[in-house]
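Chains as they are written, first to last, in the working numbering: chain Y, 202 to 501; chain W, 123 to 445. Remarks on the structure that follows.
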Amino acid sequence: MTADQPPDAGTEAVLAADDISLGYGGVAVVHGVSLRVHSGAALGVAGESGSGKSTLAKALVGDLIPIRGSVTVHGRAWQDVRRKDPDRRRVQMIFQDPYSALNPRMTARQAVAETLHVVCGVPRRDAGQRAAGILARVGLSGAAIEARPHRLSGGQRQRVSIARALACEPDVLIADEPTSSLDVSIQAQILDLLIDLRVERGLALVLVTHDLAVIKHMTDTCLVMQDGIVVEEGPTEQILDRPQHDYTRTLVAAHHGLPGPPAEQGRSADHGLSADHGRSADHGRSAEHGLSAEHGPTGQ
Amino acid sequence: MSPATPPVAEIQGLAISIAGREIVTRVDLEIAAGEGVGLVGESGSGKSVTCRSLIGLLGFIGATITAGQVRIAGQDMTSASQRQWQPLRGRAVSLVPQASLAGLDPLIRVGAQLREVIRRYDRGADTAARSMELLDQVHMPRPQRVLRAYPHELSGGMRQRAMIALAIAGRPAMLIADEATTALDATIQRSILQLLDGLRAELGMALLLVSHDLAVIRSATDRVAVMYAGSIVERAASRELFIRPRHPYTAALTAADPALVPRGKRLRSLLGDPPQPGAWPDGCRFAPRCAYRQPRCEQSLPPLAADDGGHAVACVRAGEISL
Numbered sequence: 202m203t204a205d206q207p208p209d210a211g212t213e214a215v216l217a218a219d220d221i222s223l224g225y226g227g228v229a230v231v232h233g234v235s236l237r238v239h240s241g242a243a244l245g246v247a248g249e250s251g252s253g254k255s256t257l258a259k260a261l262v263g264d265l266i267p268i269r270g271s272v273t274v275h276g277r278a279w280q281d282v283r284r285k286d287p288d289r290r291r292v293q294m295i296f297q298d299p300y301s302a303l304n305p306r307m308t309a310r311q312a313v314a315e316t317l318h319v320v321c322g323v324p325r326r327d328a329g330q331r332a333a334g335i336l337a338r339v340g341l342s343g344a345a346i347e348a349r350p351h352r353l354s355g356g357q358r359q360r361v362s363i364a365r366a367l368a369c370e371p372d373v374l375i376a377d378e379p380t381s382s383l384d385v386s387i388q389a390q391i392l393d394l395l396i397d398l399r400v401e402r403g404l405a406l407v408l409v410t411h412d413l414a415v416i417k418h419m420t421d422t423c424l425v426m427q428d429g430i431v432v433e434e435g436p437t438e439q440i441l442d443r444p445q446h447d448y449t450r451t452l453v454a455a456h457h458g459l460p461g462p463p464a465e466q467g468r469s470a471d472h473g474l475s476a477d478h479g480r481s482a483d484h485g486r487s488a489e490h491g492l493s494a495e496h497g498p499t500g501q
Numbered sequence: 123m124s125p126a127t128p129p130v131a132e133i134q135g136l137a138i139s140i141a142g143r144e145i146v147t148r149v150d151l152e153i154a155a156g157e158g159v160g161l162v163g164e165s166g167s168g169k170s171v172t173c174r175s176l177i178g179l180l181g182f183i184g185a186t187i188t189a190g191q192v193r194i195a196g197q198d199m200t201s202a203s204q205r206q207w208q209p210l211r212g213r214a215v216s217l218v219p220q221a222s223l224a225g226l227d228p229l230i231r232v233g234a235q236l237r238e239v240i241r242r243y244d245r246g247a248d249t250a251a252r253s254m255e256l257l258d259q260v261h262m263p264r265p266q267r268v269l270r271a272y273p274h275e276l277s278g279g280m281r282q283r284a285m286i287a288l289a290i291a292g293r294p295a296m297l298i299a300d301e302a303t304t305a306l307d308a309t310i311q312r313s314i315l316q317l318l319d320g321l322r323a324e325l326g327m328a329l330l331l332v333s334h335d336l337a338v339i340r341s342a343t344d345r346v347a348v349m350y351a352g353s354i355v356e357r358a359a360s361r362e363l364f365i366r367p368r369h370p371y372t373a374a375l376t377a378a379d380p381a382l383v384p385r386g387k388r389l390r391s392l393l394g395d396p397p398q399p400g401a402w403p404d405g406c407r408f409a410p411r412c413a414y415r416q417p418r419c420e421q422s423l424p425p426l427a428a429d430d431g432g433h434a435v436a437c438v439r440a441g442e443i444s445l
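This is the structure:
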């Protein structure tokens, strides 16, 4: 990895995690993760259900305080950044399902104006106008900006949540499976928008997804997570072209395997067992598989 | 294939409406015995409704066939009653829905659900032996434990294997997998696809694989039909379709696939959203989003016209544009 350090490795990171462990109710589900996000850079976090990638995303945005270690924004730990502190707004997040993240009773313009007023302190009389401008930048205009979420398509809703995240001009955008519930052509529109925003605003991007094609397309460096630990990290191209860790190889093979015809496999029972990575009826409830068991029944 | 064998399923000029809105228009599709056919399209393109017409489940969603024909194993089922569909379901045609808890009864152990289905197809069957055989066919890990487990105790991948076991219990001639791998992780998705592909060969079963995921379709089918706004816009051999698409929509789909575009380059994304089901534009339904649109595109819905190699495309400009 040494030869491929990001060019600005020496400069101070906008967002950093130092050997953090994360958990709920005292049980750690993410162990010893460190990362640095530099201005304008794009970092991918790859992994499957239950790998801890969404938990990590929560900690990066300051919604979950680590059990051990700390996440720092411009060098300040999240614990020390109060709600009204301007640094609080430096990191924003968007989610897979924008429908559940949007207030059903607010139009697109109201949702963004509300954020501008409440979070960024923009006077109400200016907020509506500013909101329309931000919505136009993310590709929403006309009737769509006066529509409530249920009248919008999935892609339009994701644009509203991106507009809301951009309202306070953050330095980092954390996107947790931002296109996973969208159709292919709409996914492309949203990814293009994120690329453009990165270029024009120097916005750093942390893209959390199970989709290696999206990671490959969008990010410079990436982490691969499995069962709460980072099993591999480095420049995205290197990791996807020459994965070193067994799990990364499996993941890459599953993706590369898809475009071509599936490998002819005999009737060996083991591909079923290994592919379900050990989750099974009798392991489902044991503590070390707690997270994956959680995701099994509910993650649909 | 001998000409005497009718296709396992055949749709001709099919139109389907819900509440007076036509959501599927003029669909032609034929699936031969043992063949793997992919049906690809985005949400609202009509692919799931088309599938439902092949297993007699339109009535449950308030949909009706308003034109065309559906034939299963040569038998006209266009206006068949539920009573007439019953003997065909699970035998002539079977369905695996999207991975979810909903397909299995949460209060009944997996083994009991399997035994019930096995008895439905064969009253005198040795249900214990057949259950194990089915779980073996779907490569279920720890089959003995699974038989005693409730659905919520299984992982997503195992649940989908259990659903497939139920679907193949009647030895169907055709299996419809409607987004059957969509909600699963990539590694599990791949193993389920391999399983479906393996079962197709092993049981000589036809497979209709429905997905919005091009990579999934490409890997496991012989032929693909691409649906857009309620009708088929292109149909060709899988090898051919994604390499030499002839419909601007298919070309746009492949250009929008991040797996196929150089890193950091903008994806060549389509503008706008697909139309709402039933509220179709006049003429070619893709025209409003099409970069090659001409005034004549808006005159009438272009028919699906096949060349000698069986590559069919519904675009009036197919012969003159290079994609």
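Note that beta-carbon positions come from the ideal geometry of N, C-alpha and C, so glycine has one too.
Note down, in chain order, every chain B residue with its Cβ under 8 angstroms from the Cβ of residue i.
{"i": "W:Pro129", "result": "The chain inventory of the structure shown lacks chain B, comprising the protein chains Y and W."}
On the DSSP bridge list, what partners appear for residue i?
{"i": "Y:Leu172", "result": "Since the first residue shown for chain Y is 202 and the last is 501, residue 172 of chain Y is missing from the structure and cannot be characterised."}
{"i": "W:Ser353", "result": "W:Tyr350"}
{"i": "Y:Thr410", "result": "Y:Ala247"}
{"i": "Y:Gly224", "result": "Y:Ala229"}
{"i": "W:Arg345", "result": "W:Val159 and W:Ala359"}
{"i": "W:Ala434", "result": "W:Arg357 and W:Ala428"}
{"i": "Y:Asp219", "result": "Y:Ser271"}
{"i": "W:Val239", "result": "DSSP, once it has assigned bridges, lists no residue as partnering W:Val239."}
{"i": "W:Val332", "result": "W:Leu161 and W:Asp300"}
Between which two residues does the alpha helix (DSSP H) containing residue i stretch?
{"i": "Y:Ala229", "result": "Taken as a continuous stretch (DSSP letters only), Y:Ala229 belongs to no alpha helix (DSSP H), being part of the beta strand (DSSP E) at Val228 to Val238."}
{"i": "Y:Val400", "result": "Val385 to Arg402"}
{"i": "Y:Thr316", "result": "Ala309 to Val319"}
{"i": "W:Val268", "result": "Pro265 to Arg270"}
{"i": "W:Ser253", "result": "Thr249 to Gln259"}
{"i": "W:Tyr371", "result": "Pro370 to Ala377"}
{"i": "Y:Asp327", "result": "Arg325 to Arg338"}
{"i": "W:Glu144", "result": "Element bounds for W:Glu144: not the alpha helix (DSSP H) but the beta strand (DSSP E), Arg143 to Ile153."}
{"i": "Y:Gly193", "result": "Missing from the structure shown is residue 193 of chain Y; chain Y here goes from 202 to 501 and no further."}
{"i": "W:Val338", "result": "Leu336 to Ala342"}
{"i": "Y:Leu374", "result": "From DSSP, Y:Leu374 is part of no alpha helix (DSSP H) but of the beta strand (DSSP E) over Val373 to Asp377."}
{"i": "W:Arg361", "result": "Ser360 to Leu363"}
Near residue i, what residues of its chain come up, given a Cβ to Cβ distance below 8 angstroms and the 5 sequence neighbours on each side ignored?
{"i": "Y:Pro462", "result": "Confidence at Y:Pro462 is low in this model, with a pLDDT of 33, below 50, so its placement is unreliable and the value that follows should be read with caution. Counting only Cβ-Cβ distances below 8 angstroms, and skipping sequence neighbours, we find nothing."}
{"i": "W:Ala381", "result": "Ala337"}
{"i": "W:Gly280", "result": "The amino acid occupying residue 280 of chain W in the given sequence is Met; Gly does not appear at that position. Closer than 8 angstroms at Cβ, skipping near neighbours: Met262, Pro263 and Val268."}
{"i": "Y:Leu413", "result": "Ala247, Leu441, Leu452, Val453 and His456"}
{"i": "Y:Ile266", "result": "Ala260, Trp279 and Gln280"}
{"i": "Y:Asp220", "result": "Gly233, Val234, Ser235, Arg269 and Gly270"}
{"i": "Y:Ala482", "result": "Any reading at Y:Ala482 is ruled out, since the residue's pLDDT is 35, under 50, leaving its predicted position unreliable."}
Beta-carbon within less than 6 angstroms of residue i's beta-carbon, same chain only, minus the 5 sequence neighbours each way: which residues are those?
{"i": "W:Ile443", "result": "Tyr414"}
{"i": "W:Arg148", "result": "Gly135 and Ser353"}
{"i": "W:Glu420", "result": "Asp404, Gly405 and Ala409"}
{"i": "Y:Val425", "result": "Ala247, Val432, Glu433 and Thr449"}
{"i": "Y:Pro460", "result": "Only weak support exists for where Y:Pro460 lies, its pLDDT of 38 falling under 50; the coordinates are left without a value."}
{"i": "W:His334", "result": "Glu164"}
{"i": "W:Thr304", "result": "Gln220"}
{"i": "W:Arg193", "result": "Glu132"}
{"i": "W:Ala440", "result": "Arg368"}
{"i": "Y:Ser381", "result": "Gln297"}
{"i": "W:Gly142", "result": "none"}
Could you spell out where the beta strand (DSSP E) holding residue i opens and where it closes?
{"i": "W:Gln134", "result": "Ala131 to Ile140"}
{"i": "W:Leu161", "result": "Gly158 to Val162"}
Which same chain residues end up closer than 7 angstroms to residue i when comparing Cβ atoms and leaving out the 5 residues on each side of it in sequence?
{"i": "Y:Glu249", "result": "His411"}
{"i": "Y:Arg358", "result": "Pro299, Tyr300, Leu303 and Pro350"}
{"i": "Y:Glu347", "result": "Thr308 and Arg310"}
{"i": "Y:Gly503", "result": "Outside the shown range of chain Y (202 to 501) lies residue 503 of chain Y, about which nothing can therefore be said."}
{"i": "Y:Asp288", "result": "Val274, His275, Arg277 and Val282"}
Counting only runs of 3+ residues fully inside the region 259–306 of chain Y, write out the beta strand (DSSP E) ranges in chain order.
-> 269–274 and 292–295
Continuous beta strand (DSSP E) assignments of at least 3 residues falling wholly in the region 168–233 of chain W = 185–194 and 215–218
Report the residues of the region 156–187 of chain W with a CB closer than 8 angstroms to any CB of chain Y, ordered along the chain.
-> Glu164 and Ser165
Counting only runs that start and end within the region 272–330 of chain W, where is the beta strand (DSSP E) found for 3 or more residues in a row?
-> 296–300
Contacting positions in the region 371–384 of chain W - beta carbon closer than 7 angstroms to chain Y = Ala374, Leu375, Ala378, Asp379, Pro380, Ala381 and Val383
Cβ-based contacts, 9 angstroms cut-off: residues of the region 401–430 of chain W near chain Y | Arg411
Residues in the region 402–433 of chain Y with C-beta within 8 angstroms of chain W's C-beta atoms, listed in sequence order?
-> His411, Asp412, Leu413, Ala414, Val415, Lys417, His418 and Met419
Determine which residues of the region 371–387 of chain Y have a Cβ less than 8 angstroms from any Cβ of chain W, and write them out in chain order.
-> Asp384, Val385, Ser386 and Ile387
Which residues, in order along the region 389–400 of chain Y, keep a beta-carbon less than 7 angstroms from a beta-carbon of chain W?
-> Ala389, Gln390, Leu392, Asp393 and Ile396
Residues in the region 329–342 of chain W with C-beta within 9 angstroms of chain Y's C-beta atoms, listed in sequence order?
-> His334, Asp335, Leu336, Ala337, Val338, Arg340, Ser341 and Ala342
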